[in-house]
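All remarks here apply to the structure that follows.
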Amino acid sequence: MVRNLKITVDGRAYSVTVEDTANPAETLYPTPNMRTEVIEPAIAEPAKPVAAAPAPVAAPAPVAAAAVEGTEVSSPMTGVLIEYTVKVGDKVSANQQVATVEAMKMKTVVATPTAGKVLALLGETGSTVDSGQAILIVG
19 MVRNLKITVD GRAYSVTVED TANPAETLYP TPNMRTEVIE PAIAEPAKPV AAAPAPVAAP
79 APVAAAAVEG TEVSSPMTGV LIEYTVKVGD KVSANQQVAT VEAMKMKTVV ATPTAGKVLA
139 LLGETGSTVD SGQAILIVG
């Protein structure tokens, strides 16, 4: 079935021909005996008010680096902090992976330079970190 429709997009009206391909016997181009009609657009009802979504719960703020003494582990590049592979209180060895940073679809492992215990996580996963920015503290 072929239908001529008027579609309005961003305030501009367009006249389009639409073909229902469910019945292959009908074609896009009308035959001389086929009747076509223009369908008037329906008048839209006013939008109903929608209840406001609840306010998102704030994540706990990262610990300030100055509040904890120890060795800072920094991001090697600017990117997105994808994940921490350790938690506060975990014991880590030198050169152990502690986080992953992604930039331009390339994931880079962040390793701790010294052995010790994870004292603080300074960033949130999913947040942007700068090159050289401390992301955790080992003591």
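Per the numbering used here, the very first residue in the sequence shown carries number 19; after that it's consecutive.
The beta-carbon is built from N, C-alpha and C at its ideal position, and this holds for glycine as well.
Between L99 and G157, the gap from beta carbon to beta carbon reaches 8 Å or more. Within the same chain, and ignoring the five residues on either side of G97 in sequence, the residues whose Cβ sits closer than 6 Å to its Cβ are V119, E120 and A121. Cβ contact annotation for A31 (same chain, cutoff 7 Å, sequence separation greater than five): K24, in chain order. CA-CA distance, T103 to S149, rounds to 19 Å.
Pairing A117 with V128 gives a Cβ-Cβ distance under 8 Å.
Between V136 and V106 a beta carbon distance of about 5 Å is seen, short of the 8 Å cut, so the two are scored as contacting. Boundaries of the beta strand (DSSP E) harbouring G134: G134 to L139, taken from the DSSP string. K123 has its alpha-carbon roughly 23 Å from the corresponding atom of L154. Taking 8 Å as the upper bound for CB-CB distance, T89 and T132 are in contact here, some 5 Å apart. Rounded to the nearest whole angstrom, the C-alpha separation of N113 and T126 is 14 Å.
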